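The opening residue of the sequence shown carries number 126 in this note's numbering; numbering runs sequentially from there. Comments concern the structure below.
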Amino acid sequence: MPYFLLLSVLISVAFLSYYYVIPMYYSYLKERQDVKLLKDKIRVDYEKIRIFKIIKTFNSGLPVPEEKKVSSLIFNLGEKYKINPALILAVIRVESSFNNFSYSNMGAVGLMQIKPITGLYIIKKYRIKSKKFNYNTRYIEYLPINYLYNPSLNIKIGARYLLSLLYEFKNLKLALFAYNVGPTLAYMSLKQGGSNGGGDRLNLDISESTNRLFSDFYYGYYKRVKKYFAIYNNEIFK
């Protein structure tokens, strides 16, 4: 008799577990997951709004819907490339003061001050897609300037270019220096500043080279980007 009683108890427990306990547990897990997803969405929306508010403090020359689109793009590119969006914003602030129609005397264009030849190079190398861009890149030598006035395409190119420099130089200070003056001039300056008579750039003492190099004019560029990065990082993620 006790055997059958024990068996019936076990069957009852199994029944309750299968039909009640396990579903309740999975429901609990789903609720936790839903809460996490909701919190993540609220966080993302908040950070995009903070980016938008930063952009709105400047005269970008863009309509508000386009500024909102740019804000989302900067956040999304930051997520995609593992670059803090505050860094992208800081580069834009120093390069163009968020003026979409900025044009430098060196021929750099738009928010992230992209040169037409650099723009085409980045598009071809990293296969950047844009509905606004319909040229066959095999038959042109540089990106038409009007495309660089498209804020989304300009930022896509600039963010990917910045990422490539971070990978290449493995040093934020050097990457920003190269973004400002171009990688070729950056390497030439490094050779002159960090070698005795011009050795292989792969053998440079990076810390020594940057200390010598950035005692000059271009250190100001790095300092300004760093300053705005700290400000925007605090504003976005506070």
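Every residue gets a Cβ at the ideal spot worked out from N, C-alpha and C, and that includes glycine. Being a predicted model, the structure only gives us computed values, none of them experimental.
- Look at TYR344 here: in three-state DSSP terms it is helix.
- CA-CA distance, VAL169 to GLN238, rounds to 27 angstroms.
- Annotation: the stretch 246 to 280 contains the following complete segments of the alpha helix (DSSP H) (minimum length 4 residues), in chain order: 270 to 273.
- Rounded to whole angstroms, the separation of the alpha carbons of PHE223 and ASN230 is 17 angstroms.
- Shown here for LYS240: same chain residues with a beta carbon closer than 6 angstroms to its own, the five before and five after excluded, namely GLY232, ALA233 in chain order.
- Put simply, the stretch 173 to 187 does not touch the stretch 247 to 256. Fewer than three CB pairs are less than 8 angstroms apart.
- Out of PHE362, GLU293, GLY307, LEU301, the CA that lies nearest to the CA of TYR344 is found in LEU301.
- For LEU212, the uninterrupted alpha helix (DSSP H) run begins and ends at 210 to 221, by DSSP.
- The Cβ-Cβ distance between ASN209 and ASN358 falls below 8 angstroms.
- Beta-bridge pairing by DSSP links TYR312 to no other residue.
- Under DSSP, ILE239 shares a beta bridge with VAL234.
- Beta-bridge analysis with DSSP links TYR228 to VAL234.
- When the beta-carbon positions are compared, LEU214 and ILE179 come within less than 8 angstroms of each other.
- In terms of Cβ geometry, LEU202 and ALA284 form a close pair [threshold 8 angstroms].
- DSSP places LEU187 in the coil class of the three-state scheme, outside both helix and strand.
- Boundaries of the alpha helix (DSSP H) harbouring LYS298: 297 to 306, taken from the DSSP string.
- For LYS363, the three-state secondary structure derived from DSSP is coil.
- Nearest neighbour of LYS348 by Cα position, chosen from PRO276, PHE294, VAL216, turns out to be VAL216.
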